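To convert a position in the sequence shown, counted from 1, into the working numbering, add 19.
Scroll down for the structure; my scribbles are underneath it.
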Amino acid sequence: MSDNPSGEEFRAESSTQSSSPKNNNGLWIVLGCLGGGGLSVVFLGIVMAIALPSFLNQANRAKQTEAQTYVRAMSRAQQAEFIENGAFTPSMGKLQLGLGDSTIYRYGLEVEPSGTHVLITATPLTDPINHYIGAVFMVGDSPETTTTVTQICEGSAAFTAAPTFNPETSEIDCPPGSTPL
């Protein structure tokens with residue numbers, strides 16, 4: 020019996036055969052989990068590819084809202100300054116708006132030499148957010164009939180021209196390549 024294959028060898032073979040299906044099942048379970056995880060990663064990647072541009076667009080809109088708010092506030096303050104003092108002011112401090120420094124935009128204020136209007140600019144410090152320019156014009160023939168009109172223009176690039184007052188419509192026209200807000 021010692022020359023004959025022993026029952027142990029048969030049992031060893033048998034035990035190897037019975038454990039193989041379990042190992043194969045475990046392997047399939049591991050591969051299934053990895054495959055499912057891989058699909059999850061692919062699915063998450065697709066969701067992020069769709070959602071990330073939308074999220075970044077929302078962040079840019081929030082930054083642009085700051086500029087719109089600041090330019091609008093400075094335009095109204097210039098109108099009040101004109102009503103109270105009969106002229107626009109070149110000083111942001113004199114407007115007393117309490118607007119803090121910005122890490123997103125650089126703001127500028129320029130009273131035209133003629134004194135008939137003031138320009139307020141918001142230039143982004145980083146791209147790709149929009150540029151803004153506000154204009155306040157005095158309109159009228161005499162101190163008794165003089166009033167002001169204002170307009171804010173939005174553009175995707177730096178302004179190469181200033182808004183102009185159109186006496187025929189009594190409105191402010193935005194420069195080419197920009198839109199009125």
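For glycine and all other residues, C-beta sits at the position ideal for the given N, C-alpha and C.
Because the structure is a prediction, the values reported are computed rather than measured.
1. Taking C-alpha atoms, which residue in Ala-99, Ile-171, Ala-177 lies nearest to Phe-184?
2. Could you work out which residue in Gly-196, Arg-80, Ser-175, Val-130 is closest to Ser-94 when comparing CA atoms only?
3. Given a cut-off of 8 Å on the beta-carbon distance, is the pair Pro-194 and Ala-177 in contact?
4. Indicate the three-state DSSP secondary structure (helix, strand or coil) for Pro-40 in the structure shown.
5. Just grab the DSSP bridge partners of Met-93 for me.
6. Using a Cβ-Cβ cutoff of less than 8 Å, which residues in the same chain neighbour Thr-165 once the five nearest sequence positions on both sides are dropped?
7. Tell me which residue opens and which closes the alpha helix (DSSP H) that Leu-114 is part of.
This is what the structure holds:
1. Taking the first residue of the sequence shown as 1, we reach residue 184 at position 165. Ranking Ala-99, Ile-171, Ala-177 by Cα distance to Phe-184 puts Ile-171 first.
2. By one-based count along the sequence shown, residue 94 stands at place 75. The option with the nearest alpha carbon to Ser-94 is Val-130.
3. The residue labelled residue 194 in the question sits at position 175 within the sequence shown. The residue labelled residue 177 in the question sits at position 158 within the sequence shown. Not closer than 8 Å, so no.
4. Within the sequence shown, the letter at position 21 stands for residue 40. Note that Pro-40 has pLDDT 48, beneath the 50 cutoff, so the model's placement of it is unreliable and the number below is only indicative. It is helical.
5. For the purposes of this step, residue 93 is identified with residue 74 of the sequence shown, where counting begins at 1. DSSP lists no partner for Met-93.
6. Numbered from its first residue, the sequence shown carries residue 165 at position 146. Result list for Thr-165: Met-157, Val-158, Gly-159, in chain order.
7. The residue given as residue 114 occupies position 95 in the sequence shown. Per DSSP, Leu-114 is one residue of the alpha helix (DSSP H) stretching across 111-114.
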